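Before any comments, here is the structure.
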Amino acid sequence: MPFLRKGKGILLAYDQGLEHGTSKDFNDKSVDPDYILEIAEKGKFTGVIFQKGVAEKYYKGKIPLIIKVNGKTSLPKGEPIASQICSVKQAKALGAKAVGYTIYLGSAHENLMLHEFGRIQQEAHEMGLAAIAWIYPRGESVVNDTAPEIVAYAARAGLEAGADAVKIKYTGDSNSFRWAVRSAGAVKVFMSGGPKAPTDEAFLTQVKGVMDAGATGLAVGRNVWQHERPLEMAAALREVIMNGQTVETALKKFTR
Amino acid sequence: MPFLRKGKGILLAYDQGLEHGTSKDFNDKSVDPDYILEIAEKGKFTGVIFQKGVAEKYYKGKIPLIIKVNGKTSLPKGEPIASQICSVKQAKALGAKAVGYTIYLGSAHENLMLHEFGRIQQEAHEMGLAAIAWIYPRGESVVNDTAPEIVAYAARAGLEAGADAVKIKYTGDSNSFRWAVRSAGAVKVFMSGGPKAPTDEAFLTQVKGVMDAGATGLAVGRNVWQHERPLEMAAALREVIMNGQTVETALKKFTR
Amino acid sequence: MPFLRKGKGILLAYDQGLEHGTSKDFNDKSVDPDYILEIAEKGKFTGVIFQKGVAEKYYKGKIPLIIKVNGKTSLPKGEPIASQICSVKQAKALGAKAVGYTIYLGSAHENLMLHEFGRIQQEAHEMGLAAIAWIYPRGESVVNDTAPEIVAYAARAGLEAGADAVKIKYTGDSNSFRWAVRSAGAVKVFMSGGPKAPTDEAFLTQVKGVMDAGATGLAVGRNVWQHERPLEMAAALREVIMNGQTVETALKKFTR
Amino acid sequence: MPFLRKGKGILLAYDQGLEHGTSKDFNDKSVDPDYILEIAEKGKFTGVIFQKGVAEKYYKGKIPLIIKVNGKTSLPKGEPIASQICSVKQAKALGAKAVGYTIYLGSAHENLMLHEFGRIQQEAHEMGLAAIAWIYPRGESVVNDTAPEIVAYAARAGLEAGADAVKIKYTGDSNSFRWAVRSAGAVKVFMSGGPKAPTDEAFLTQVKGVMDAGATGLAVGRNVWQHERPLEMAAALREVIMNGQTVETALKKFTR
Amino acid sequence: MPFLRKGKGILLAYDQGLEHGTSKDFNDKSVDPDYILEIAEKGKFTGVIFQKGVAEKYYKGKIPLIIKVNGKTSLPKGEPIASQICSVKQAKALGAKAVGYTIYLGSAHENLMLHEFGRIQQEAHEMGLAAIAWIYPRGESVVNDTAPEIVAYAARAGLEAGADAVKIKYTGDSNSFRWAVRSAGAVKVFMSGGPKAPTDEAFLTQVKGVMDAGATGLAVGRNVWQHERPLEMAAALREVIMNGQTVETALKKFTR
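Residue numbers (numbering that gives the first Met the number 0), protein chains in the order written: chain A, 0 to 255; chain B, 0 to 255; chain C, 0 to 255; chain D, 0 to 255; chain E, 0 to 255.
Listed below in structure tokens is the structure:
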């Protein structure tokens, strides 16, 4: 897959503008897609994740592009649903190597998203693109979206529905996350970075746990571009993900 | 039909990862589709049932493939609905000889599933595939989904809607199941294996009752791949289903 | 129209397996579509009405075929809706001379059915098939579905929406049914046979009232194939419908 | 526009069979479409309005035909919606010069009807047909559907959405209706005839008020074909609409 | 973009007839699209915004045309939704250089509008038209639609979804609006004019604040064509928007 390097991947996610708004997640630097592209390039990320509008206006072709083809804002209440905004054809025309799609597993609208992802996955494969599923259990019927059995369910739903890779939340410990990776089978597993962790060590320890569990890598946004030293964080992540180093070794990237 | 042998069929079902999750149904062995394919082959099953993702990544062409083209998780509450995830065209491209589709009869969304199955059945027949209907009465209006008249209704709905085969629950006794088989008319009837039975004898007795009622066979998952000796169970099932042997004879497969 | 003889029609309806289930309406003989086809042929019916699955597996071409292209079970509660299961193209390929479609007039989903029927009617006419509308006022807003003004409304809705024939319920007396026939204008009116009548005389008297009101004929199921002497009932119906005989004369068919 | 004469129009509307049923609006004569066609021809109407079924079975080509392409019965409760029953292509094939479509402005389903009308309008124009919008504010959010500002809103919505002509209710006085005509701009305004007026003078006075306000004409049904002397009423309407005569002059048509 | 001049834009918006009705916003002059076209031309606006019906019947090609392709009335209660009324193909045929589409961010139907805009944006770009998004946070979940973080969210959603320009509400001060402009990135930002301001100075001060924040311009309706001296207001707006003049200088346009 074109967004992996030596079978591992560190994807820089940047669709938070749609998902959370700009005032919550961005500052004057991170609000600018060019700043993110610079980090992606200098930080040697294996891919960058944009909605189609950002791709159309900013992407310059240096990093493998993943277009997130559905999305929603954080505003509506009720059972979550995100519908297709970008066609696979348009994603390809914008240079994408893969499409990303969020399925809110357990939502009352789950069937619409499984259906839409199914069609998108077929189109993507027919056009030579990979299909990545963000699988987030959510809705009234989901009590705890990081419970090990729920995360494993999410991973497996990705395999069953035809995803080439899944982006799922961390369970909190490597052992239980291993079962999620095992449930995903031949599907590449990426941990969803989530909100900024309290310390670098805390975040890298999570990532280490994910990799120890057999995952392929990480899709990360806020923990990199909200960081004061994003390139050092990128380097540290590469140590853990690409080079299989310890957290201790990785943390040295910040001491230079 | 390519998933029958001598007019009988034993199908190995393996879409539980999507329907129930991995933590409830699988262990470290059964979570692996390769393990299931090995059982299917060595156990001489007449077909294997996968969602498209599992087929795409694991299927190697040795056993007739049935792709389940819709599905849902067990998470959402409310009236059940499962929508199409895999197109008939894609199922065929993946090597399927038949497509499977679940209709939740009695659901408030029944009409959407009857409509979608109707279209899929036409496409399947135009492309030379069989169409199998999983017909599960479910929803607020269904009190008892194994009541003889409800199971017979399910079987008949399969005939009316154009299914070539139906997968239905057992009524609990051979005599009442005979009416379901009779209601299905020219449609092949498969019993849905259901959760692991308390004893081998109990399960084989069910299967014997089903075959005595005139059914074509069994679609079984958990009672095989959750079994400590899956190949012996497969052999025992062949005795009952293919060879018309008694439960007593079949049980000898476990004593070797 | 190919399902009329001398301008009159007696259609043998057999979609009750989907609409009501098999346990309520069928016995061991009537559950078998071949039994119904035999009655249709020997009883000289002018047409037989099947869902596509029954047509596909049983129809042998001897009697003009009408395929019911939508349908529902009796299980779901709430406002009634039946969606298309069989395409017009497929109905034609299966040998149908006409398609039948149920519109639940007054249902909260009335607009979806009027819309779908409208499209089906156009396709049918373009392919040389007749379009028959089953028009059943039903739903929370319908108090009495056999009130004369409601039955006349149903008949008229069939004319307005483009039906070539309508199947409607009897109002209970010939005089008020005449207004329904008049409301249907150039559209052929068939009485819906309904559940088994208490006596042959009672049923034939209804049919006589329908024909006296100017109707084209009858679509009948249970009053024929639940009858102990279905061919005699068929002969009696022919007397009333085709030959314009009295109920008294028709009843002599049973005394032979 | 082919349904105008000297820039004015008197359209004979006859879709009440679907909208209201036959028992409420029709008698033994007016239930017959041939009777209406005779009135349309002898009464020199500039157009006749039918649903597709009536057009298909009765229309003989002598009067410009407008096919109403959506419709509903009066039975369902809840927010009003009427969906497309006849395609523009089919309307044209049946000889229509224009299509008519009802939009229930203010309904919770308003968006579906504005969307459907938008597509129909484009198709109509591409095929050389005019598009007429029946714009009826209705639903829980509409308190008074003949309030001047609501009628003007309806007229304007017709202009904005691309109608060539609108059919709207009378506000009750010529002065306030002038604002509705003005709001419609280049769109031809037809008053909707409504239920039978208490006296001929009352009805003609309404029509006079409408014409004085600058309208193009009238779409009338019940006030003509429920009239004992429909041709005299037609003649009287022509006096007011075509010849600009007073109500007094027009009423003389009844004294001959 | 063809609706800019020297990189700035003043668009004359005139879809209020559909959005608000004619009685609330228009007088006898402003109800007439020709009056608006005259203002647009003489006032040197860089574009005019019409629904398709107004464009079809009034547009004469002198000013760049933007067709608003969805819309709704102010009548329905409940979560807001506006669906497509004009196709991109039709907009282009009518001479449009851009299409406009409203997304009610935060509405329970947000996903339908994001999806529809996504498709329209692709079609527009394929046909060489720009896609402008009116992004209005609205619905039960939106407390304050001019709060800075909500306006910035709206601007960003436009960027993410692929808009070339967004029309958003003013936050009330230039400083907080700057963040919205920054959030929009490469997307052109137009302030939505809104209802008639109490004084010319008040309105021009708003516009000045918008331009100081880095916006591209203004889409204005009521503040121009409800003005007694619309051409003077247009001239004053040009001073502020095109020439970067102060409010004081701009106000001199009214003193001539």
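Quick reminder that beta carbons are idealized off the backbone N, C-alpha and C, glycines included.
On a predicted model such as this, the values are computed, not experimentally measured, just so you know.
Relative to the alpha-carbon of residue i, which residue among the options has its alpha-carbon at the smallest distance?
i	options	result
Glu78 (chain B)	A:Tyr103, A:His108, A:Ala123	A:His108
Asp31 (chain D)	C:Ala185, C:Ala153, C:Lys23, C:Lys96	C:Ala185
Val209 (chain D)	D:Leu230, D:Ala196, D:Asn174	D:Asn174
Ala235 (chain A)	A:Thr248, A:Lys61, A:Val141	A:Thr248
Trp256 (chain A)	A:Thr72, A:Gly171, A:Met112, A:Glu55	Outside the shown range of chain A (0 to 255) lies residue 256 (chain A), about which nothing can therefore be said.
Thr45 (chain B)	B:Glu139, B:Pro147, B:Ala12, B:His226	B:Ala12
Val206 (chain D)	D:Thr170, D:Ser182, D:Leu230	D:Thr170
Gly20 (chain B)	A:Ala154, A:Val188, A:Thr245	A:Ala154
Tyr135 (chain D)	D:Leu203, D:Gln120, D:Ile102	D:Ile102
Ala233 (chain D)	D:Arg137, D:Glu40, D:Ile48	D:Glu40
Val142 (chain E)	A:Lys28, A:Leu74, A:Gln15, A:Glu115	A:Leu74
Ile9 (chain A)	A:Met0, A:Gln15, A:Gly16	A:Met0
Gly99 (chain C)	C:Arg237, C:Phe189, C:Thr204	C:Phe189
Ala204 (chain A)	A:Arg137, A:Asp172, A:Lys88	Looking at the sequence shown, residue 204 (chain A) is not Ala but Thr. Among A:Arg137, A:Asp172, A:Lys88, the Cα nearest to that of Thr204 (chain A) is on A:Asp172.
Ala214 (chain E)	E:Pro229, E:Arg177, E:Glu231	E:Arg177
Glu231 (chain A)	A:Leu250, A:Gly6, A:His114	A:Leu250
Gln89 (chain C)	B:Ala90, B:Ile119, B:Ile62, B:Ile80	B:Ile119
Hey, could you find the ends of the beta strand (DSSP E) residue i is sitting in?
i	result
Ile167 (chain B)	164-167
Leu11 (chain A)	8-12
Gly127 (chain A)	Taken as a continuous stretch (DSSP letters only), Gly127 (chain A) belongs to no beta strand (DSSP E), as it is neither H nor E.
Ile65 (chain C)	64-67
Leu217 (chain C)	216-219
Val188 (chain E)	187-191
What residue does the alpha helix (DSSP H) around residue i start on, and which one ends it?
i	result
Gly52 (chain E)	51-57
Gly99 (chain E)	Unbroken run through Gly99 (chain E) is the beta strand (DSSP E), 95-102; no alpha helix (DSSP H).
Lys41 (chain D)	32-41
Gly243 (chain D)	Premise fails: Gly243 (chain D) is in no alpha helix (DSSP H) and is neither H nor E.
Leu74 (chain D)	Segment: none, Leu74 (chain D) is in no alpha helix (DSSP H) and carries neither H nor E.
Lys88 (chain D)	87-92
Gln205 (chain E)	199-211
Asn174 (chain E)	173-183
Pro147 (chain E)	147-160
Measuring only from the beta carbon, is residue i closer than 6 Å to any heavy atom that is part of the ligand NAP?
i	result
Gln120 (chain A)	By its list of ligands, the structure shown contains no ligand whatsoever, and the ligand NAP lies outside what it can speak to.
Can you round the beta-carbon distance between residue i and residue j to whole angstroms, since I take them to be within the 8 Å contact cut?
i	j	result
Ile131 (chain D)	Val150 (chain D)	That belief does not hold up - the Cβ atoms of Ile131 (chain D) and Val150 (chain D) are roughly 16 Å apart, past 8 Å.
Gln129 (chain E)	Lys76 (chain E)	For the sequence presented, residue 129 (chain E) should be read as Ala rather than Gln. That belief does not hold up - the Cβ atoms of Ala129 (chain E) and Lys76 (chain E) are roughly 33 Å apart, past 8 Å.
Thr254 (chain C)	Leu104 (chain B)	Not confirmed; about 44 Å, so no contact.
Glu55 (chain A)	Leu93 (chain A)	6 Å
Leu3 (chain D)	Gln50 (chain D)	Not quite, the Cβ-Cβ distance comes to about 22 Å (not below 8 Å), so this is no contact.
Asn110 (chain C)	Ile48 (chain D)	Not really, about 20 Å apart at Cβ, beyond 8 Å.
Tyr57 (chain B)	Asp27 (chain B)	In fact, because the Cβ distance is near 17 Å, the residues do not count as touching under 8 Å.
* Asked: Just by C-beta distance, which residues in the stretch 50-68 of chain A are closer than 8 Å to chain E?
  -> Gln50, Lys51, Gly52, Val53, Glu55, Lys56, Tyr57
* Asked: Would you call the stretch 147-166 of chain C and the stretch 124-133 of chain D in contact, with 3 or more CB pairs under 8 Å?
  -> Touching, no, given that fewer than three Cβ pairs across the two stretches are closer than 8 Å.
* Asked: Hey, is the stretch 80-98 of chain E in contact with the stretch 53-68 of chain E, meaning 3+ C-beta pairs nearer than 8 Å?
  -> They touch, by the three-pair rule.
* Hey, is the stretch 215-231 of chain C in contact with the stretch 237-252 of chain B, meaning 3+ C-beta pairs nearer than 8 Å? -> no
* Would you list, in chain order, the members of the stretch 23-36 of chain A that have their beta-carbon closer than 7 Å to a beta-carbon of chain B? => Cβ contacts with chain B: none found.
* Asked: For the stretch 174-198 of chain B, which residues have a CB atom closer than 8 Å to at least one CB atom of chain C, in sequence order?
  -> Trp178, Arg181, Ser182, Gly184, Ala185, Val186
* Please determine if the stretch 222-232 of chain D and the stretch 191-209 of chain D are in contact, where contact requires at least 3 C-beta pairs separated by less than 8 Å. => yes
* Asked: Got a sec: which bits of the stretch 73-98 of chain A sit with their beta carbon under 7 Å from any beta carbon on chain E, in order along the chain?
  -> Leu74, Pro75, Lys76, Gly77, Ile80, Ala81, Ser82, Gln83, Ile84, Cys85, Ser86, Gln89
* Asked: the stretch 6-22 of chain D: which residues have C-beta closer than 8 Å to a C-beta of chain C, in chain order?
  -> Asp14, Gly16, Leu17, Gly20, Thr21, Ser22
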